[in-house]
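Going letter by letter, the sequence shown gives residues 1 to 63 in my numbering. Here a beta-carbon is modelled for each residue, glycine too, at the ideal position from N, C-alpha and C. Since the structure is predicted, the reported quantities are computational estimates derived from the model, not experimental observations. A quick write-up on the structure given underneath.
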Amino acid sequence: MLHDMSTTLDNDTQRSAAEVNEEIRALWFRAGGSLNMDERREYQRLVLEWAKVAPSSSTTRAA
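Rendered as structure tokens:
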């Protein structure tokens, strides 16, 4: 199930890779597979966030 998730981060709270990946997938779903410039910036921010929290040996990939 896809949820609208906050795009702001609380400095004290770090989301899991799975949570960030769900937000990436939701962004692509809402955009219908084609991102505008604002959505691309959001996607890039999310991918960087995901890369910081994803285990290096994980087989999970960002959307």
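In three-state terms, what does DSSP make of Gln-14? Gln-14 falls in the coil class under three-state DSSP.
Tell me, please, whether the region 34 to 44 touches the region 11 to 20 by the rule of three or more beta-carbon pairs shorter than 8 Å. With the cut-off at 8 Å, the region 34 to 44 and the region 11 to 20 do not touch.
Straight-line CA distance for Glu-49 to Val-20? So the two alpha carbons sit approximately 7 Å from each other.
What number of angstroms, rounded off, separates the C-alpha of Arg-45 from the C-alpha of Phe-29? Cα to Cα, the separation comes out at about 17 Å.
Contact check, Ile-24 vs Val-53, beta carbons under 9 Å: Judged by beta-carbon spacing, Val-53 lies beyond the 9 Å limit of Ile-24, meaning their Cβ atoms are not closer than that value.
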